[in-house]
Amino acid sequence: MAHMNPIASLEPGQDRTMILNMGPQHPSTHGVLRVILEIDGETVVRIMPDIGYLHTGIEKTCEAKFYQQVVPLTDRIDYLCPLTNNLCYVLAVEKLLGLEIPPKAQWMRVLMNELTRINSHLVWLGTHAMDIGALTVFLYCFREREDILRMFEMVSGQRMMTSYFRIGGLALEPPLGFFDYVREFANRFPARVDEYENLLTGNPIWGMRTKGVARITAEDAIALGASGPTLRGSGVDIDLRRDMPYSGYENFKFKVPISQDGDVFARYICRVQELRESIGIVQQALDGMPEGPIKADAPKVVLPDREKMKTQMEALIYHFKIITEGFAVPAGEVYQAVESPRGEMGYYVVSDGTAKPYRVHMRSACLANLQLLSKMCEGRLIADVVAAIGSIDIVLGEIDR
Amino acid sequence: MPLAPAITDLEQLRGHPALARLLAAGVVVEGAKFDRDEMTIYVDRSSIREACVLLRDDPGCPFNFLSDVTCVDWYPQEPRFEVIYHLLSIPKKERVRLKVRLNSSSPAVESLTSLWPAANYFEREVYDLFGVRFNGHPYLRRLLMPEDWEGHPLRKDYPVEGYR
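In order, the protein sequences belong to chains Z and X.
When the count follows my numbering, it moves up by one through the first sequence with no breaks and lands on 401 for the last residue.
When the count follows my numbering, it moves up by one through the second sequence with no breaks and lands on 565 for the last residue.
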């Protein structure tokens, strides 16, 4: 049927324009984003993103799982910041349950979350620079990213799909030598950020490709639902870690980088500054890491120690109950938002009082940020579309869910 | 930390700035709930746009950012659908949740795209996955599922494993 075809809905508006498909396999679209362009020569007249190629129905799947079984699904939403998604979901469920989390678990969550932010920003910086033609940066960024993935592997046994945060605390105690490894990395990292900046910030070609390109005003960014560095790059000073703190972020001191320019370069500068601030938070977390348990004292929700299970009948029973029938969560609803590397990541969890969530909805920062694309690109060259897509840092797994 | 019971009494909640603003302007408020530090206001479906305009342009606490639009299907209860709007005030760092209840016979509500263009994708997603229509939406088509898909997957009467 003709009206079913999305291309048909974007007919050339004038005789001199034509329709061009970019993606879904185009390397600069970071996964499977398809962008339909109406172009007049090299100039973009209209632009329409077409998404859904990675839709896996995670929200529907969640409704058929126990609360604790949803945690691994949240990893798979945004494969560049799995721990941020873990955190957001477990915070939402803990709020529903009214659980108190011990300080060490909270600080570990902050530490891992900031490492995740660095990891995500490194992938963004590498691929964004590569899209625009600076190939070297990619190799530098992935060198440091490898160290961070090794840290994830140390704590959780997994490099990417970590599921390290659990409802009520952490999955495991961090292993011996982990904090030394992170500290060594944290000492080394600021010099590495200087390296990236040496390659890009003062580079005249980088400046010409990014300054004044894909500009967006603060009003437009707010109206279109932008968040994170994309919003701060337009001069709106909001960071959920500082303004609506969660998981003990109120104990940390950090600056929130903003820029007034609203172009690709502004968003680049914001994220690079965030790399430096994040490593500062990591240092603070290492210095002040409290001692104590890593799991809340809630035997009906948190799995018992393996050692206790071998000696105590009660622990074994709780383990059996949690695994086979889950745990009931008091009826209610919670919207928990965290500052993910891409912006406001929100989990809306509705409970009907049973052991399975009635509804889990993920507010995707990228989905909203993607709506900025037409404002950014219309009237500009096709090459700027590539720069604009890179600058809003999309992850299609999170957009399509 | 035991959970505090939810407050659902409209009189007790009158002091909340968002609710006070809506009541003062005469918007049809069906109820309100303060639970787990989160404020929920139930608004009649005919006044959702008016309520959003009031909250967005409130000089004291402007809820100027539309965080999210989503839906919950309470099948087989009636009213079946709850459309949920999460608003954020960037200057005041406050959140409020607005809810509209819709019957299964005509699940439709006014679109907010003219207030916040951000609602465009959010409402398309709700339309795609729940079949709730948004009147006045400029481009109400499926967003995530294929164009020729039958049914709305997040409805509760749609099987998890899909139709085979």
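Cβ atoms here follow ideal geometry from the backbone N, Cα and C, with glycine treated the same way.
Could you say which of the options lies nearest to residue i if we only look at CA atoms?
| i | options | result |
| --- | --- | --- |
| Z/CYS377 | Z/LEU275, Z/SER364 and Z/VAL264 | Z/VAL264 |
| Z/PRO175 | Z/ALA186, Z/GLU153 and Z/ARG267 | Z/GLU153 |
| Z/LYS356 | Z/THR230, Z/MET345 and Z/ALA64 | Z/ALA64 |
| Z/GLN336 | X/VAL454, X/ALA419, X/ARG496 and X/THR409 | X/ARG496 |
| Z/HIS361 | Z/THR354, Z/VAL350 and Z/LEU370 | Z/VAL350 |
| Z/ALA186 | Z/VAL282, Z/GLY177 and Z/ILE389 | Z/VAL282 |
| Z/PHE138 | Z/PRO102, Z/GLN260, Z/GLY235 and Z/VAL123 | Z/VAL123 |
| X/ILE485 | Z/PRO72, Z/GLY202, Z/ARG359 and Z/ARG276 | Z/ARG359 |
| X/VAL501 | X/PRO518, X/VAL533, X/TYR522 and X/LYS494 | X/VAL533 |
| Z/ARG422 | Z/ILE132, Z/PRO304 and Z/LEU199 | Here chain Z comprises residues numbered 1 to 401, so residue 422 of chain Z is not present and cannot be evaluated. |
| Z/GLU100 | Z/TYR347, Z/CYS141, Z/TYR246 and Z/ALA285 | Z/TYR246 |
| Z/VAL32 | Z/GLY41, Z/THR43, Z/GLY52 and Z/ASP40 | Z/GLY52 |
| X/SER447 | X/PRO508, X/MET546 and X/TRP517 | X/PRO508 |
| Z/VAL155 | Z/ARG143, Z/PHE179, Z/ALA134 and Z/THR136 | Z/PHE179 |
| X/LEU545 | Z/ARG143, Z/PRO341, Z/ALA296 and Z/GLY57 | Z/GLY57 |
| Z/VAL71 | Z/HIS55, Z/GLU94 and Z/LEU54 | Z/GLU94 |
Count the other C-beta atoms from every protein chain shown that fall within 10 angstroms of the C-beta of residue i, then say buried if there are 16 or more, exposed otherwise.
| i | result |
| --- | --- |
| Z/ARG16 | exposed |
| Z/MET151 | buried |
| Z/PRO257 | buried |
| Z/MET4 | Note that Z/MET4 has pLDDT 39, beneath the 50 cutoff, so the model's placement of it is unreliable and the number below is only indicative. Exposed: under 16 other Cβ atoms inside 10 Å. |
| X/GLN413 | exposed |
| Z/ARG145 | buried |
| X/PHE504 | The sequence as given places Asn at residue 504 of chain X; Phe does not occur at that position. X/ASN504 should be labelled exposed. |
| X/TRP550 | exposed |
| Z/LEU20 | exposed |
| Z/ASP78 | buried |
| X/ALA405 | exposed |
| X/MET440 | buried |
| Z/MET313 | exposed |
| X/SER399 | Residue coverage of chain X in this structure runs from 402 to 565, which leaves residue 399 of chain X outside it and unanswerable. |
| Z/ALA8 | Only weak support is given to the placement of Z/ALA8: the predicted model assigns it a pLDDT of 43, under 50, and the value that follows is read from those uncertain coordinates. When all chains shown are included, Z/ALA8 counts as exposed. |
| Z/GLN25 | exposed |
| X/LEU513 | buried |
| Z/GLU38 | buried |
Are the Cβ atoms of residue i and residue j separated by less than 8 Å?
| i | j | result |
| --- | --- | --- |
| Z/LEU372 | Z/ILE392 | yes |
| Z/TYR196 | Z/VAL272 | yes |
| Z/VAL402 | Z/LEU96 | This structure gives no information on residue 402 of chain Z, because the portion of chain Z shown stretches from 1 to 401. |
| X/LEU535 | X/CYS472 | The question names Leu, yet the displayed sequence has Phe at residue 535 of chain X. Contact: no. |
| Z/GLU339 | Z/ARG232 | no |
| Z/GLY228 | Z/GLN260 | no |
| Z/ARG276 | Z/THR230 | no |
| Z/THR61 | Z/LEU73 | yes |
| Z/ILE132 | Z/ALA387 | yes |
| X/VAL429 | X/ASP445 | yes |
| Z/PRO102 | Z/GLY169 | yes |
| Z/ALA223 | X/PRO518 | yes |
| Z/ALA214 | Z/ASP50 | no |
Helix or strand or just coil, what does DSSP make of residue i?
| i | result |
| --- | --- |
| Z/ASN203 | coil |
| Z/MET362 | strand |
| X/TYR486 | strand |
| X/ASP410 | coil |
| Z/ARG401 | coil |
| Z/SER340 | strand |
| X/TYR528 | helix |
| Z/ASN407 | Residue 407 of chain Z lies beyond the range of chain Z shown here (1 to 401); nothing can be said about it. |
| X/THR441 | strand |
| Z/ALA2 | With a pLDDT of 33 at Z/ALA2, under the threshold of 50, the predicted position of this residue should be treated as unreliable, and no value is reported. |
| X/CYS472 | strand |
| Z/GLU325 | helix |
| Z/THR43 | strand |
| Z/TYR164 | coil |
| X/PHE466 | strand |
| X/ASN504 | coil |
Note to self: Contact between the stretch 482–496 of chain X and the stretch 463–472 of chain X is defined here as three or more beta-carbon pairs at a separation below 8 Å; is this criterion met?
What the structure shows: yes
Next item on the list: Determine, using beta-carbon pairs with one atom in the stretch 105–119 of chain Z and one in the stretch 284–291 of chain Z, whether at least three such pairs fall under 8 Å.
Entry: yes
Note to self: Assess contact between the stretch 184–203 of chain Z and the stretch 362–371 of chain Z, defined as three or more Cβ pairs (one per stretch) separated by less than 8 Å. Is contact present?
What the structure shows: no
Next item on the list: Report yes or no: do three or more beta-carbon pairs, one from the stretch 415–435 of chain X and one from the stretch 113–127 of chain Z, lie closer than 8 Å?
Entry: no
Notebook entry, point to check: Three or more beta-carbon pairs under 8 Å between the stretch 470–485 of chain X and the stretch 552–559 of chain X, yes or no?
Noted result: yes
Margin query: Check whether the stretch 124–136 of chain Z and the stretch 311–325 of chain Z are in contact - that is, three or more C-beta pairs closer than 8 Å.
Written below: no
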